[in-house]
């Protein structure tokens, strides 16, 4: 049970306990008071205080099964599963029909990725209890275990049971739609939500979710109608205004979209998403100054939102103001040096500015962060060639060939590099391979290695290979 202003008894218990901690006096509490105090601290994430309350509670009430179940919960939090299981076995002998024992057993099994066994334990708990309000929680727990197993049909079945018992269980409603989404069953989701709305026509959450489904299917008129109904049901529902704005953008009704995004700013704390979308809308209307204004506000509101920094950077790239673009992408990289999109733009801008060392560093970091696009490998190889780092370029291309075998662009470059290093055997090998894959890319040799055309030995090898 949570503490609230309306419940003086529990507030008094909590105040009494916290006052006791400041003195050397040990006061008496009944077991139910301890349960509520421990629950309160666990809800707040104050594990240290929860442990103190539990220790004192067990000293005063050593036979309390409910307090020992809190001990199980703390063991699970500390990944002490053996201790948790031993205590649960002991408690089962005392109260074999206590459903909470099976719920905690399921919790232990779930933490150990034994989800099927956890489901079995929860189903036993379901058989023991006959209180409908408790069954909702159990159905939800079983549904979550099936989600861990990616068994969306069974998960949806149990979340549907929650809705049947409590139509306003929006957590279950979201999970049902989530199941449909991951199973790629948009049509079924729409049928379910429409059926639900027939019985619950003023559910803003259901209308919102229905609008999302129509948006996915690009049925924008129906999506717009659904979001309008969500707003009619709750005119403070920020999510509905945001989604309605997205639909209006798709319909190129940018001013109306901006109005909806502005509603969200008035209803709640400034949203970086809404500010960013407003910037895009102004940009699409050609009002670049306003667009930039909102992009700036986006990164001010949330410096970690990469889309904001990328929008500013691309804005200046479009204007061919690469120095400004570089300034802002540098700021972004300094805030989040692990963002692969930042490094990719960093490399491309430096490349445009002919800052080759910095561009090479950017492409290298992009690859290190897992961007293995062929364009990235090729761009880095070409810069290394320009810098005269032939061995490094070969190593880079060898790595690229692991991801893109039988690629003419790679092999022509490898041929040119080996010819340049006077390794005629390897040069010939890669040239033959490149010609076989796609001879149209031979221009790469002339563009990147113009000196090869003056080497009669190499020209002879190339000529014979082409004739063969």
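Numbering (my numbering), first residue to last: 185 to 652.
Yeah, the Cβ is synthetic: ideal placement off N, Cα and C, and Gly gets one too.
Please state whether the Cβ-Cβ distance between residue 426 and residue 444 is less than 9 Å.
yes
If residue 434 and residue 404 are in contact, beta carbons under 8 Å, what's the gap, nearest whole angstrom?
5 Å
Once you ignore the five residues that flank residue 625 on each side, which residues in its own chain have a CB closer than 7 Å to its CB?
592, 593, 596 and 618
Which of the three DSSP states, helix, strand or coil, is assigned to residue 633?
coil
For residue 564 and residue 530, what's the separation of their Cα atoms in angstroms?
13 Å
Euclidean distance between Cα positions of residue 607 and residue 562
Roughly 21 Å separates the two Cα atoms.
Going by other Cβ atoms of all chains shown within 10 Å of its Cβ, with 16 needed for buried, is residue 484 buried or exposed?
When all chains shown are included, residue 484 counts as exposed.
Just the Cα atoms here: how many angstroms apart are residue 516 and residue 358?
34 Å
As assigned by DSSP and simplified to three states, the class of residue 245
coil
Take the Cβ of residue 604 as the centre, count every other Cβ of all protein chains shown within 10 Å, and call the residue buried at 16 or more, exposed below.
buried
Reduced DSSP secondary structure (H/G/I, E/B, other) of residue 436
Under the three-state reduction of DSSP output, residue 436 falls in the coil class, being neither helix nor strand.
Helix, strand or coil for residue 421, going by three-state DSSP, please let me know.
coil
In three-state DSSP terms, what is residue 586?
helix
Residue 488 burial status per 10 Å Cβ neighbour count (16 or more: buried)
exposed
Helix or strand or just coil, what does DSSP make of residue 393?
helix
Nonlocal neighbours in the same chain, by C-beta distance under 8 Å from residue 190, ignoring five residues either side:
Residue confidence is low: residue 190 scores 43 on pLDDT, short of 50, so the model does not pin down where it sits. Its coordinate-derived value is still stated next. Leaving aside the five residues that flank residue 190 on each side, none in its chain has a CB nearer than 8 Å to its CB.
Threshold first: 4 residues or longer. Then list the alpha helix (DSSP H) segments lying entirely within the stretch 243-291, N to C.
249-261 and 265-278
Residues in the same chain with beta-carbon distance under 7 Å from residue 251, minus the five sequence neighbours each way, listed in chain order, please.
Taken in chain order, the residues that qualify are 215, 218, 219, 238, 241, 242 and 245.
Using the three-state DSSP reduction, which class does residue 208 fall into: helix, strand or coil?
In the structure shown, residue 208 adopts coil according to DSSP, grouped into three states.
Assuming the contact rule is C-beta atoms closer than 8 Å, residue 290 and residue 325 should be a hit. Round their C-beta distance to whole Å, please.
7 Å
Neighbour-count burial assignment, residue 495, 16 or more Cβ in a 10 Å radius:
buried
Limits of the unbroken alpha helix (DSSP H) element including residue 598
Start and end: 592-604.
On the CB-based measure, 16 or more other CB atoms within 10 Å of its CB, does residue 283 come out buried or exposed?
buried
7 Å CB neighbourhood of residue 420 in its chain, flanking five on each side removed
451
Select from 395, 402 and 401 the residue whose C-alpha is nearest the C-alpha of residue 412.
Ranking 395, 402 and 401 by Cα distance to residue 412 puts 395 first.
Residues near residue 525 in its chain [Cβ-Cβ closer than 8 Å; skip 5 each side]:
Correct list, in chain order: 490 and 494.
Inter-residue Cα distance where the pair is residue 298 and residue 305:
11 Å
Inter-residue spacing [alpha-carbon to alpha-carbon] between residue 474 and residue 544:
35 Å
Excluding the 5 residues preceding and the 5 following residue 331 in the sequence, name in chain order all residues of the same chain whose CB lies nearer than 6 Å to its CB.
Cβ-Cβ distances below 6 Å link residue 331 to 339 in the same chain, with the five nearest sequence neighbours on each side left out; the list follows chain order.
Buried or exposed for residue 360, please, with buried defined as at least 16 other CB atoms from any protein chain shown within 10 angstroms of its CB.
buried
Through-space distance from residue 236 to residue 512, alpha-carbon basis:
50 Å
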